[in-house]
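Take UniProt numbering: the last position of the sequence shown gets the number 159, and nothing is skipped along the way. Structure first, then comments.
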Amino acid sequence: MTTQWHQHSMRVQYKDTDQMGVVHHGNYITWFEVGRTEWMRYFDISYHDMEAIGLLLPVVDVQASYKQSAHFDEPVVIFSKLANFSPIRMEFDYEARKITEVEFTSMQNNKVSMVNEPYGKLLTKGSTTHMWVNKNWKPAKLTKTHPTLYQKIEQMMYS
């Protein structure tokens, strides 16, 4: 099973903060989605392509544990990795972490996408579980409906 994390850096946007001046708790879930989408893009899996073949991947469960707050304009990294995979489900783990300006600049310059371990100050950790469904929202077993996609993800998971 792959143990590497995909990393996606960004700055906290003003719109993501609340009246207390910190990132609103719900926005971390949005950040998880950003991390997952960038993970998929890195592995050349496109939501557009999946939808074009009649395949959807809705969230059926989300978990989040909040450790520290982030503030406007602070650099953060969203770490994402595929934690579990089957013909009917995918599970991702996430960590949102605050990093230094030096680390942020280095990430922008080096364009390294995968790391062995998350780094920085832990803000939030969580997970999402997704279920494969067809365009009619009926469960889809990838090994039967889209075996090529299943094999591609399986190779990523166990390489």
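Heads up, the beta-carbon is just placed ideally off N, CA and C, and yes, glycines get one too. All values derive from a computational prediction rather than experimental measurement.
My guess is that residue i and residue j are in contact by the Cβ rule of under 8 Å, so how many angstroms apart are they, rounded?
| i | j | result |
| --- | --- | --- |
| residue 164 | PRO58 | Lying before the first or after the last residue shown, residue 164 is absent from the chain, which here runs from 1 to 159. |
| LYS98 | GLY120 | 5 Å |
| MET90 | HIS146 | With a Cβ gap of about 13 Å, MET90 and HIS146 do not count as contacting. |
| ALA96 | TRP5 | With 8 Å as the limit, ALA96 and TRP5 do not qualify as a contact, their Cβ atoms being about 12 Å apart. |
Does the beta-carbon of residue i have 16 or more other beta-carbons within 10 angstroms, so that it is buried, or is it exposed?
| i | result |
| --- | --- |
| GLU117 | exposed |
| LYS81 | buried |
| TRP137 | exposed |
| ALA52 | exposed |
| ASP18 | exposed |
| MET20 | exposed |
| ASP49 | exposed |
| MET114 | exposed |
| TYR94 | buried |
| VAL102 | exposed |
Report the option in the options whose CA atom is closest to the CA atom of residue i.
| i | options | result |
| --- | --- | --- |
| ASN134 | SER80, LYS121, GLY54 and ILE99 | GLY54 |
| THR37 | VAL76, HIS8 and VAL23 | HIS8 |
| LYS152 | LYS15, PHE85, GLY26 and TRP31 | PHE85 |
| THR100 | ASP73, GLY35 and MET131 | ASP73 |
| VAL112 | TRP39, HIS24, ALA96 and PHE92 | TRP39 |
| VAL60 | TRP132, HIS25 and GLU154 | TRP132 |
Is the beta carbon of residue i less than 8 Å from the beta carbon of residue j?
| i | j | result |
| --- | --- | --- |
| TYR66 | THR124 | yes |
| ASP44 | ASN27 | no |
| VAL76 | ILE29 | no |
| SER69 | VAL34 | no |
Practice prompt. Write down every uninterrupted run of the alpha helix (DSSP H) in the stretch 61-128 whose length is 4 residues or greater and which is fully enclosed by it, in chain order.
Written response: 101-110
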